[in-house]
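Colleague: Sequence order for the protein chains is A and B.
Quick note on this note's numbering: the first sequence kicks off at 36 and runs consecutively.
Quick note on this note's numbering: the second sequence kicks off at 36 and runs consecutively.
Idealized CB from N, CA, C, for every residue including glycine.
These numbers come from a predicted model, not from an experiment.
Number of protein chains: 2
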Amino acid sequence: MKIDELYALLRRRGVLWPTAEIYGGAQGLYDYGPLGTALKRRIERAWASWFVGRSPDYYLIEPAEIVPEAVVRASGHLENFTDPEITCDACHATFRADTVLEKIRPDGVDGLAPGQIEEVVRANRVRCPKCGSDALSVPQAFNLMFDLPFGVARAERAYLLPETAQASYLAFPRMWEVGRKALPLGVAVIGRAFRNEIAPRQVLFRMRSFTQAELQIFFDPAAPPGKLGPLASEKVPVLRADRRERGEGSTEVVAAGDLVASGLPEFYVDHLVHMLRFLRDVLGYPAERLRFLEKSDKERAFYNRIQFDAEVHLESLGGYKEVAAVHYRGDYDLRRHGEGSGKDLSVARPGADRFVPHVLELTFGVDRNLWALADVHLARDGDRTVWRLPPYLAPVSVGVFPLIAKEQRPFAQRVADELLAAGLDAEYDEASSIGKRYARMDEAGTPFCVTVDGSSVADGPEQGTVTVRSRDTKAQERLRSSELAARFGPAVRPPRPPAT
Amino acid sequence: MKIDELYALLRRRGVLWPTAEIYGGAQGLYDYGPLGTALKRRIERAWASWFVGRSPDYYLIEPAEIVPEAVVRASGHLENFTDPEITCDACHATFRADTVLEKIRPDGVDGLAPGQIEEVVRANRVRCPKCGSDALSVPQAFNLMFDLPFGVARAERAYLLPETAQASYLAFPRMWEVGRKALPLGVAVIGRAFRNEIAPRQVLFRMRSFTQAELQIFFDPAAPPGKLGPLASEKVPVLRADRRERGEGSTEVVAAGDLVASGLPEFYVDHLVHMLRFLRDVLGYPAERLRFLEKSDKERAFYNRIQFDAEVHLESLGGYKEVAAVHYRGDYDLRRHGEGSGKDLSVARPGADRFVPHVLELTFGVDRNLWALADVHLARDGDRTVWRLPPYLAPVSVGVFPLIAKEQRPFAQRVADELLAAGLDAEYDEASSIGKRYARMDEAGTPFCVTVDGSSVADGPEQGTVTVRSRDTKAQERLRSSELAARFGPAVRPPRPPAT
Numbered sequence: 036m037k038i039d040e041l042y043a044l045l046r047r048r049g050v051l052w053p054t055a056e057i058y059g060g061a062q063g064l065y066d067y068g069p070l071g072t073a074l075k076r077r078i079e080r081a082w083a084s085w086f087v088g089r090s091p092d093y094y095l096i097e098p099a100e101i102v103p104e105a106v107v108r109a110s111g112h113l114e115n116f117t118d119p120e121i122t123c124d125a126c127h128a129t130f131r132a133d134t135v136l137e138k139i140r141p142d143g144v145d146g147l148a149p150g151q152i153e154e155v156v157r158a159n160r161v162r163c164p165k166c167g168s169d170a171l172s173v174p175q176a177f178n179l180m181f182d183l184p185f186g187v188a189r190a191e192r193a194y195l196l197p198e199t200a201q202a203s204y205l206a207f208p209r210m211w212e213v214g215r216k217a218l219p220l221g222v223a224v225i226g227r228a229f230r231n232e233i234a235p236r237q238v239l240f241r242m243r244s245f246t247q248a249e250l251q252i253f254f255d256p257a258a259p260p261g262k263l264g265p266l267a268s269e270k271v272p273v274l275r276a277d278r279r280e281r282g283e284g285s286t287e288v289v290a291a292g293d294l295v296a297s298g299l300p301e302f303y304v305d306h307l308v309h310m311l312r313f314l315r316d317v318l319g320y321p322a323e324r325l326r327f328l329e330k331s332d333k334e335r336a337f338y339n340r341i342q343f344d345a346e347v348h349l350e351s352l353g354g355y356k357e358v359a360a361v362h363y364r365g366d367y368d369l370r371r372h373g374e375g376s377g378k379d380l381s382v383a384r385p386g387a388d389r390f391v392p393h394v395l396e397l398t399f400g401v402d403r404n405l406w407a408l409a410d411v412h413l414a415r416d417g418d419r420t421v422w423r424l425p426p427y428l429a430p431v432s433v434g435v436f437p438l439i440a441k442e443q444r445p446f447a448q449r450v451a452d453e454l455l456a457a458g459l460d461a462e463y464d465e466a467s468s469i470g471k472r473y474a475r476m477d478e479a480g481t482p483f484c485v486t487v488d489g490s491s492v493a494d495g496p497e498q499g500t501v502t503v504r505s506r507d508t509k510a511q512e513r514l515r516s517s518e519l520a521a522r523f524g525p526a527v528r529p530p531r532p533p534a535t
Numbered sequence: 036m037k038i039d040e041l042y043a044l045l046r047r048r049g050v051l052w053p054t055a056e057i058y059g060g061a062q063g064l065y066d067y068g069p070l071g072t073a074l075k076r077r078i079e080r081a082w083a084s085w086f087v088g089r090s091p092d093y094y095l096i097e098p099a100e101i102v103p104e105a106v107v108r109a110s111g112h113l114e115n116f117t118d119p120e121i122t123c124d125a126c127h128a129t130f131r132a133d134t135v136l137e138k139i140r141p142d143g144v145d146g147l148a149p150g151q152i153e154e155v156v157r158a159n160r161v162r163c164p165k166c167g168s169d170a171l172s173v174p175q176a177f178n179l180m181f182d183l184p185f186g187v188a189r190a191e192r193a194y195l196l197p198e199t200a201q202a203s204y205l206a207f208p209r210m211w212e213v214g215r216k217a218l219p220l221g222v223a224v225i226g227r228a229f230r231n232e233i234a235p236r237q238v239l240f241r242m243r244s245f246t247q248a249e250l251q252i253f254f255d256p257a258a259p260p261g262k263l264g265p266l267a268s269e270k271v272p273v274l275r276a277d278r279r280e281r282g283e284g285s286t287e288v289v290a291a292g293d294l295v296a297s298g299l300p301e302f303y304v305d306h307l308v309h310m311l312r313f314l315r316d317v318l319g320y321p322a323e324r325l326r327f328l329e330k331s332d333k334e335r336a337f338y339n340r341i342q343f344d345a346e347v348h349l350e351s352l353g354g355y356k357e358v359a360a361v362h363y364r365g366d367y368d369l370r371r372h373g374e375g376s377g378k379d380l381s382v383a384r385p386g387a388d389r390f391v392p393h394v395l396e397l398t399f400g401v402d403r404n405l406w407a408l409a410d411v412h413l414a415r416d417g418d419r420t421v422w423r424l425p426p427y428l429a430p431v432s433v434g435v436f437p438l439i440a441k442e443q444r445p446f447a448q449r450v451a452d453e454l455l456a457a458g459l460d461a462e463y464d465e466a467s468s469i470g471k472r473y474a475r476m477d478e479a480g481t482p483f484c485v486t487v488d489g490s491s492v493a494d495g496p497e498q499g500t501v502t503v504r505s506r507d508t509k510a511q512e513r514l515r516s517s518e519l520a521a522r523f524g525p526a527v528r529p530p531r532p533p534a535t
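(1) Enumerated in chain order, which unbroken segments of the beta strand (DSSP E) with a length of 3 residues or greater are wholly contained in the region 199–258 of chain A?
(2) Which residue or residues does DSSP assign as beta-bridge partners of E191 (chain B)?
(3) In its own chain, which residues sit with a C-beta less than 8 Å from the C-beta of N404 (chain B), not counting the 5 before and 5 after it?
(4) Using 8 Å as the cut-off, can you tell me whether the region 243–250 of chain B makes contact with the region 95–105 of chain A, which would need three or more C-beta pairs spanning the two stretches below that distance?
(5) Can you determine whether any heavy atom of the ligand FAD sits closer than 8 Å to the C-beta of L318 (chain A), and answer yes or no?
(6) Could you check the C-alpha separation between G434 (chain B) and G480 (chain B) for me, to the nearest Å?
(7) Compute the beta-carbon to beta-carbon distance between N178 (chain A) and T129 (chain A), rounded to the nearest angstrom, for a pair I have assumed lies under 8 Å.
(8) Please list, in chain order, the chain B residues whose beta carbon lies closer than 7 Å to that of T72 (chain A).
(9) Going by C-alpha to C-alpha distance, which of B:Q342, B:R340, B:F343 and B:H393 sits closest to D366 (chain B)?
(10) Name the two residues that bound the continuous alpha helix (DSSP H) containing G373 (chain B).
(11) List, in chain order, every chain B residue whose beta-carbon is nearer than 8 Å to that of Q62 (chain A).
(12) Per DSSP, V382 (chain B) is paired with what?
(13) Counting only C-beta atoms, is I233 (chain A) closer than 9 Å to chain B at any point?
(14) Pick from B:H306, B:D488 and B:G386: whose alpha carbon is nearest that of I439 (chain B)?
(15) Is it a yes or a no for the region 252–272 of chain A touching the region 289–298 of chain A, going by three-plus beta-carbon pairs under 8 Å?
(16) Could you name the residues that DSSP lists as bridge partners for E329 (chain B)?
(17) So, are the CB atoms of V347 (chain A) and Y320 (chain A) less than 9 Å apart?
(18) Would T117 (chain A) pass as an interface residue toward chain B - the criterion being a Cβ-Cβ separation below 9 Å?
(19) For F240 (chain B), I'd like the list of residues in its chain whose CB is within less than 6 Å of its CB, leaving aside the five on either flank, ordered along the chain.
(20) What residues in the region 369–395 of chain B have a beta carbon less than 9 Å from any beta carbon of chain A?
(21) Measure the C-alpha to C-alpha separation of V161 (chain A) and R236 (chain A) and round it to an integer number of angstroms.
(22) Check whether chain A comes within 9 Å of F229 (chain B), counting only Cβ atoms and requiring the distance to be less than that.
(23) For a contact defined as C-beta to C-beta under 9 Å, what are the partners of K75 (chain A) on chain B?
(24) Short of 8 Å in beta carbon distance, which residues of its chain neighbour V401 (chain B), apart from the five on each side in sequence? Order them along the chain.
(25) Please decide whether R528 (chain B) counts as near chain A, where near means a Cβ-Cβ distance under 9 Å.
(26) Just checking: is the beta-carbon of G298 (chain A) within a distance shorter than 9 Å of some beta-carbon in chain B?
(27) Give every residue of the same chain whose Cβ lies closer than 6 Å to the Cβ of R275 (chain A), excluding the five residues on either side of it in the sequence, and list them in chain order.
(28) Can you pull the chain B residues whose beta carbon is under 8 Å from the beta carbon of I57 (chain A), in chain order?
(29) For V144 (chain B), collect the residues of the same chain with a Cβ closer than 7 Å to its Cβ; drop the 5 residues on either side in sequence, then sort them by chain order.
(30) For T117 (chain A), write down the residues that DSSP places opposite it in a beta bridge.
(31) In whole angstroms, what is the alpha-carbon distance linking G167 (chain B) and V156 (chain B)?
(32) Flag this pair as touching only if the region 458–467 of chain A and the region 409–427 of chain A have three or more C-beta atom pairs under 8 Å; answer yes or no.
(33) Give me the DSSP bridge partner(s) of S94 (chain B).
(34) Give me whichever residues DSSP pairs with K75 (chain A) in a beta bridge.
(35) Could you work out which residues of chain B lie near P149 (chain A), taking near to mean beta carbons separated by less than 9 Å?
(36) Quick check on E497 (chain B): buried or exposed, where buried means 16 or more other Cβ atoms within 10 Å of its Cβ?
What follows is the structure in structure tokens.
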């Protein structure tokens, strides 16, 4: 589906809508409705199971999203977290410079000063995308952070976090004490980040308040975590920086072991493969729509030593879009916060010198992936609309229907109650025809539907069987109601990572 | 425990700590560590199960926490969400007026203009609590909302939501379409709210960023939801407004039916009882430490028609503290947002006139209750420290230990893996002595511990039994490992509300 059709369907089904819609909305802000909220929570649960569940030394924390100015000064965001913009002196519209210059400079404008961008605008006679005037100018860089008047005197300055990662770095000394006082140590956050984007667009892809799931792994560079083992043969779709610089834009499929042989550290490739498996095997994105795009020296933030962005090809947005990334950030973060706070954030290697731990960051955009799960898995199938979500991501695990409500209501409600009591997300529905109830569940991604009929009731609660219908195959089978929880349970629990 | 001892224990165990602690912290902001995060999520899950799970027409949504100015203008927050403050012209400290005047005006200073508060200060010769000077003054009211420079021109004004409730009101028209287009309709949010408190204090009780769980029930005043039925005999500890005004400060225990007989609407009392049962039966606060304090006409916000605050007596904070409330808000909210947005938010009563739905609000402070659960349930028992959390709130449901790691590690790890695969929060631990492992789990509130020993291994994975030890009774019993998931499952799932 194209973006407008998909967005209209998601709004209509109450997956999401613009914040403060009755007031005309607010650019870059969205509210999740019941289905969106349930799906978002299941994505977060699957992420935590796969990434935080990979080691007993990885922990999930929930930090505040406001920090004092000293934090963002040390992290570099106060100085550097800017997007060049272009304004029109005729119509007063404002645009992101990289968007206006997309065709002229496809690699973006990172690193260019406002004056240099203005030269590009003049040399190419760029006109205002809105009014067509040539009166464009490039003002001083615009910081994307939201600052807050904090405290009663409003003299303290505080900021909404532009990335959850900073909270994990700040927590490092506490987590060192709470954990085993050993590396590697993982500190994960699933939380909000805030950016005053110049041009919010593409619905969930450039929001001003959004949810990140990020795992920061602190490690000793002399003993980095992650061995490939049998995963060396795993096929990774990559687009390497050197090939991109030569203008070769197609994805290569390379064995993980060969990526190591090409010079990438094994621990890094191990985590790239772990991310690949999450996107492909857990979220169910088809392998051929995935790629890992390597950022070149010029493109990546200066503190990132290695960066591959995970991208999914989305029909609704007309191309590959970033949904996650793996960043090797070196010792930049703890070194800067050590300097900024005056606290010693180094640790001792047993029997050796102290050192500042390095950081490997696994970052994942929850909202973007929610959109991608709709783009990839929500489809028309004849006159059905079916959301083929993996069962553990579906907002409702089991729909329970009486064929004829007034005859089978108590039996069907008991079945739904038993499934709920067993910890399954069951939903009882007796409204309208069975066909419409199936259609409603198909559109919401419900993997299983259970129908209670006259013979279920006639055979009684112990022996009575019900019809189980699978969303994807439309196959039907008869099962005793007492067998249902055991049957559905394993399918609707998120996959756990393989033992390492 | 007193506040300092309890807070120190919670910090040491990594339940929570000040945000940006290495930078000296930020007043009124806290980060939750691993145990705090897990406990907080379980409180939220129990709340959703009990309140949102009460009706298929109640829904959980996840809205953005930023709204445009028009929203807070219509809600009244722009004009009225203020706290009078007192500043010292000698030492420049700032205080909440109600705190400084606590002894002189125990009922607070709501409704007094700055000039009137200044008269009270002069008449009583109040001195600065910090430096002792008499140079106190009362400036103009201070709005507690955080405003944001929103948009590129920073000309749009936006606000961090001071209460999650507003997002539910804004969502009403969408939810009407998504739901059955019928009342009652419940819209719940578990999310952050933000207040630039003048004097953050008492750790989680007055924070600048905090989590609310709120259910707004939209209903037709001609057919309000909730019948007491057999719950009419439920004993409710109350402190009525009229008795308080006569200076009688003790709690009465009154049958729910008698509250109705005294003039409170039945639907209101029904929800008061539902809240009581959540606090007492689900969170486990002892009945004798609970009370519902009725706010008088003068005390409650003008739009609230009835308001009882739920309070728990906390040793750490030296008295009763508000942890939840039930507000009958009439049609104030939808009427104001209808006027503010120019949209018609009324609905049609079948075969009759259109009307603006009324709102019953059930509000619950997640952070405050997390603290209260520590105050009430975390205790010294001889040389043990035991957190007697209800099993479904415990961060870890089952601790799994090998008696001798090098002999029973594979068996014990398999047991832990099987419990995890069955959806239970199991944690494997082989560090230090069994006694220390039990002590660590006791302090974290883990209800069950499983120990694998030599005979477990000798009898094999099918027949081998393990020792199950209960936190509260310290009783031990032998069970086959295959029986564990079925044994623990029902205890660690949050209670569901009784059918209504």
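Modeller: In this structure, then:
(1) Within the region 199–258 of chain A, the runs of beta strand (DSSP E) that reach at least 3 residues and sit entirely inside it are, in chain order, 220–229 and 244–254.
(2) Position 156 of the second sequence holds residue 191 (chain B). DSSP output for E191 (chain B) lists B:F185 as bridge partner(s).
(3) Taking the first residue of the second sequence as 1, we reach residue 404 (chain B) at position 369. Around N404 (chain B): I78, L318, V358 and A359.
(4) By the Cβ rule, the region 243–250 of chain B counts as touching the region 95–105 of chain A, because three or more pairs are nearer than 8 Å.
(5) The ligand FAD is absent from the structure shown, which contains no ligands of any kind.
(6) If you number the second sequence from 1, residue 434 (chain B) lands on position 399. If you number the second sequence from 1, residue 480 (chain B) lands on position 445. Roughly 10 Å between the two C-alpha positions.
(7) Counting from 1 along the first sequence, the entry for residue 178 (chain A) is found at position 143. Counting from 1 along the first sequence, the entry for residue 129 (chain A) is found at position 94. N178 (chain A) to T129 (chain A), Cβ: 14 Å. No contact.
(8) For the purposes of this step, residue 72 (chain A) is taken as residue 37 along the first sequence, with counting starting at 1. Contact annotation for T72 (chain A) against chain B: L95, I96 and E97 [CB-CB distance below 7 Å, chain order].
(9) Position 331 of the second sequence, counted from the start, is the residue given in the question as residue 366 (chain B). If we check each option's Cα against that of D366 (chain B), B:H393 comes out closest.
(10) As a first step, residue 373 (chain B) must be located in the second sequence, where it is residue number 338. Y367 to S376 is the span of the alpha helix (DSSP H), which, as asked, contains G373 (chain B).
(11) For the purposes of this step, residue 62 (chain A) is taken as the residue at position 27 of the first sequence. Neighbours of Q62 (chain A) on chain B, chain order: G186.
(12) For the purposes of this step, residue 382 (chain B) is identified with residue 347 of the second sequence, where counting begins at 1. Residue pairing for V382 (chain B): DSSP places it in a beta bridge opposite B:F390.
(13) Taking the first residue of the first sequence as 1, we reach residue 233 (chain A) at position 198. Answer yes: the Cβ-Cβ gap between I233 (chain A) and chain B drops below 9 Å somewhere.
(14) Numbered from its first residue, the second sequence carries residue 439 (chain B) at position 404. From the listed residues B:H306, B:D488 and B:G386, the smallest Cα separation to I439 (chain B) is found for B:D488.
(15) Segments in contact, yes.
(16) Taking the second sequence and counting its residues from 1, one reaches residue 329 (chain B) at position 294. BP columns for E329 (chain B) point to B:F343.
(17) Along the first sequence, read from residue 1 onward, the residue named residue 347 (chain A) stands at position 312. Along the first sequence, read from residue 1 onward, the residue named residue 320 (chain A) stands at position 285. Yes, these two residues count as a Cβ contact at 9 Å.
(18) Translated into positions along the first sequence, residue 117 (chain A) becomes position 82. Not an interface residue.
(19) Taking the second sequence and counting its residues from 1, the one referred to as residue 240 (chain B) is at position 205. Answer for F240 (chain B): R403, listed in chain order.
(20) Cβ contacts with chain A: H372, G373, G375, S376, G377, K378 and L380.
(21) Counting from one through the first sequence, the residue named residue 161 (chain A) turns up at place 126. Counting from one through the first sequence, the residue named residue 236 (chain A) turns up at place 201. If you draw a straight line from the Cα of V161 (chain A) to the Cα of R236 (chain A), it comes to about 22 Å.
(22) Counting from one through the second sequence, the residue named residue 229 (chain B) turns up at place 194. For F229 (chain B), the answer is yes, since a Cβ of chain A falls inside 9 Å of its Cβ.
(23) As a working mapping, residue 75 (chain A) is identified with position 40 in the first sequence. Listed by position along chain B, the residues whose Cβ is nearer than 9 Å to that of K75 (chain A) are E97.
(24) Taking the first residue of the second sequence as 1, we reach residue 401 (chain B) at position 366. Around V401 (chain B): K75, I78, E79, W82, I225, F245, T246, Q247 and A248.
(25) Locating residue 528 (chain B) in the second sequence gives position 493, counting from the first residue. True, the Cβ-Cβ gap to chain A drops below 9 Å.
(26) By one-based count along the first sequence, residue 298 (chain A) stands at place 263. No, G298 (chain A) does not count as interfacial toward chain B.
(27) As a first step, residue 275 (chain A) must be located in the first sequence, where it is residue number 240. Take R275 (chain A), set aside five residues on each side of it, and the residues of its chain with a beta-carbon closer than 6 Å to its own are E329, in chain order.
(28) On the first sequence, residue 57 (chain A) is found 22 positions in, with the first residue counted as 1. Chain B residues near I57 (chain A): L205, P208, H372, S376, K378 and L380.
(29) Numbered from its first residue, the second sequence carries residue 144 (chain B) at position 109. Answer for V144 (chain B): P119, A132, D133, L136 and I152, listed in chain order.
(30) Here residue 117 (chain A) corresponds to residue number 82 of the first sequence, with the count starting at 1. According to DSSP, T117 (chain A) bridges with A:N178.
(31) For the purposes of this step, residue 167 (chain B) is taken as the residue at position 132 of the second sequence. For the purposes of this step, residue 156 (chain B) is taken as the residue at position 121 of the second sequence. If you take the alpha carbons of G167 (chain B) and V156 (chain B), they lie about 13 Å apart.
(32) As far as the Cβ criterion goes, the region 458–467 of chain A does not touch the region 409–427 of chain A, which means the pair count is below three.
(33) Taking the second sequence and counting its residues from 1, one reaches residue 94 (chain B) at position 59. For the sequence presented, residue 94 (chain B) should be read as Tyr rather than Ser. Assignment of beta-bridge partners to Y94 (chain B) by DSSP yields B:V222.
(34) As a working note, residue 75 (chain A) is residue 40 in the first sequence. For K75 (chain A), DSSP assigns no beta-bridge partner whatsoever.
(35) In the first sequence, residue 149 (chain A) corresponds to position 114, counting from 1. Correct list: empty, because the minimum Cβ distance to chain B is about 15 Å.
(36) Indexing the second sequence from 1 puts residue 497 (chain B) at position 462. Taking a 10 Å sphere around the C-beta of E497 (chain B), we find fewer than 16 other C-beta atoms and assign the residue as exposed.
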